[in-house]
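*Asks:* Each residue of the sequence shown is one higher than the one before, counting from 7 in the working numbering.
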Amino acid sequence: MPILLKGAPVVAAMNEDSAARCAALQARGITPQLAIVRVGERPDDLSYERGVRKRCAAVGVAVRQYVLPADAGQEELLAVIGRVNRDSAIHGCLLFRPLPKTMDDSVIRAALAPEKDVDGITDLSLAGVFTGAATGFAPCTAQACAEILDFYHVPLSGRRVTVVGRSLVVGKPAAMLLDRRNATVTMCNSRTQNLAAVCREADVVVVAMGRMGTIGGDCLRPGQTVVDVGIHVGPDGKLCGDVRFDEAEGIVSAITPVPGGVGTVTNSVLVRHVIEAAERSLG
């Protein structure tokens with residue numbers, strides 16, 4: 007049975023640190039504040055929002071909501087983002103996406119000030135991830151992968167890491183974050199030849215394909231650490247990941263569970279980003 011890299015201990019440690027930093031800011035008269043900007047009432051957005059609000063309340067981060075109707079126009083949303091950008095009391099913004107098809111996602115993302123982009127959706131934030139500049143923040147799920155590996159002291163420097171998936175939300179930024187930790191990173195995609203062999207060569211495998219059960223026992227070997235970013239509803243109605251856990255657990259040394267792994271850490275990363283944005287605002 008592998009070591010389960012559970013998210014709960016990571017969350018507890020991050021929340022303790024965030025609460026202390028938030029208290030230090032409040033002692034200086036600054037309350038970190040997150041703006042939540044949402045168009046419509048999608049159930050998955052509402053569920054995620056409840057989790058974020060709960061995590062913010064737990065550490066002392068204030069939340070301000072901006073909710074637009076599902077049929078709102080692009081200019082209405084741009085006006086809200088403009089108000090968020092100009093309000094010095096707001097340190098971070100969580101903009102729910104995907105946006106309605108009537109809106110241009112690239113225009114909306116570009117309108118958000120990168121210093122308030124705590125979820126890494128703007129081009130300047132992503133550029134900061136690749137260059138190492140403190141411009142914006144990394145996407146929260148990608149950062150959550152790195153946080154879990156750091157917390158459990160998984161060796162990365164000089165080790166081989168394979169990232170399966172190349173999205174700008176997880177795969178590419180996760181690869182860059184691990185590269186900063188001096189890992190030797192290989193990034194794969196759905197067209198990678200001999201994917202199983204490439205994965206078996208790695209010491210750490212991060213799987214973010216967004217496809218249920220993409221990685222099975224043929225892709226793994228003893229001694230590996232696996233980070234499973236995927237989350238899906240399986241045929242039996244239970245949550246599962248991109249990795250076939252029943253095959254992996256008899257092979258690898260450590261693996262994140264689904265649920266209870268990467269997803270549980272993401273909210274805490276977002277909250278910490280808001281606090282860091284407030285700290286940066288002090289100059």
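Where a beta carbon is used, it is the ideal one built from N, C-alpha and C, also for glycine.
How about the segment 85 to 102 and the segment 23 to 40: do they share at least three Cβ pairs that are nearer than 8 Å?
*Replies:* yes
*Asks:* Since T192 sits in a beta bridge, which residues does DSSP pair it with?
*Replies:* The sequence position of residue 192 within the sequence shown is 186, counting from 1. The partner list for T192 (beta bridge, DSSP) reads T168.
*Asks:* P75 to E82, Cα distance in whole Å?
*Replies:* Numbered from its first residue, the sequence shown carries residue 75 at position 69. Numbered from its first residue, the sequence shown carries residue 82 at position 76. Rounded to whole angstroms, P75 to E82 spans 10 Å at the Cα level.
*Asks:* Measure the Cβ-Cβ separation of R206 and R227 and say whether it is below 8 Å.
*Replies:* Position 200 of the sequence shown, counted from the start, is the residue given in the question as residue 206. Position 221 of the sequence shown, counted from the start, is the residue given in the question as residue 227. For R206 and R227, yes; Cβs fall inside 8 Å.
*Asks:* State the start and end residues of the unbroken alpha helix (DSSP H) segment that holds V135.
*Replies:* The sequence position of residue 135 within the sequence shown is 129, counting from 1. Per DSSP, V135 belongs to the alpha helix (DSSP H) from 129 to 137.
*Asks:* Could you give the DSSP three-state label for L105: helix, strand or coil?
*Replies:* Taking the first residue of the sequence shown as position 1, residue 105 is located at position 99. Coil, per DSSP.
*Asks:* Using 8 Å as the cut-off, can you tell me whether the segment 134 to 141 makes contact with the segment 161 to 169, which would need three or more C-beta pairs spanning the two stretches below that distance?
*Replies:* no
*Asks:* For a quick check, are the C-beta atoms of T192 and V204 less than 8 Å apart?
*Replies:* By one-based count along the sequence shown, residue 192 stands at place 186. By one-based count along the sequence shown, residue 204 stands at place 198. It is a contact, given that the beta carbons lie within the stated cut-off.
*Asks:* Please classify P145 as buried or exposed, where buried requires at least 16 other C-beta atoms within 10 Å of its C-beta.
*Replies:* Counting from 1 along the sequence shown, the entry for residue 145 is found at position 139. Burial call: buried.
*Asks:* Around the C-beta of A29, are 16 or more other C-beta atoms found within 10 angstroms, so that it is buried, or is it exposed?
*Replies:* Your numbering for residue 29 matches position 23 in the sequence shown. Exposed, because fewer than 16 other Cβ atoms sit within 10 Å of the Cβ of A29.
*Asks:* Less than 8 Å between the beta carbons of V210 and V167, yes or no?
*Replies:* Position 204 of the sequence shown, counting from 1, holds the residue named residue 210. Position 161 of the sequence shown, counting from 1, holds the residue named residue 167. Taking 8 Å as the cut-off, the Cβ atoms of V210 and V167 count as close.
*Asks:* I need the boundaries of the beta strand (DSSP E) containing Q199, first residue and last residue.
*Replies:* Here residue 199 corresponds to residue number 193 of the sequence shown, with the count starting at 1. Counting along the chain, Q199 falls outside any beta strand (DSSP E), and DSSP gives it neither H nor E.
*Asks:* If you follow the beta strand (DSSP E) that R250 is in, where does it begin and where does it stop?
*Replies:* Locating residue 250 in the sequence shown gives position 244, counting from the first residue. First-last for R250: undefined, no H or E at that position.
*Asks:* Should T108 be labelled buried (16 or more other beta-carbon atoms within 10 Å of its own) or exposed?
*Replies:* Taking the first residue of the sequence shown as 1, we reach residue 108 at position 102. Exposed, by the Cβ-count rule.
*Asks:* Give the straight-line distance between the Cα atoms of G240 and I114, rounded to the nearest whole angstrom.
*Replies:* Along the sequence shown, read from residue 1 onward, the residue named residue 240 stands at position 234. Along the sequence shown, read from residue 1 onward, the residue named residue 114 stands at position 108. C-alpha separation (whole angstroms): 34 Å.
*Asks:* Considering only their Cβ atoms, is the gap separating V175 from T198 smaller than 8 Å?
*Replies:* Taking the sequence shown and counting its residues from 1, one reaches residue 198 at position 192. Taking the sequence shown and counting its residues from 1, one reaches residue 175 at position 169. Taking the C-beta atoms as reference points, V175 is found no nearer than 8 Å to T198.
*Asks:* Would you report the Cα separation of A85 and F102, rounded to the nearest angstrom?
*Replies:* Translated into positions along the sequence shown, residue 85 becomes position 79. Translated into positions along the sequence shown, residue 102 becomes position 96. Spanning the two alpha carbons is a distance of roughly 16 Å.
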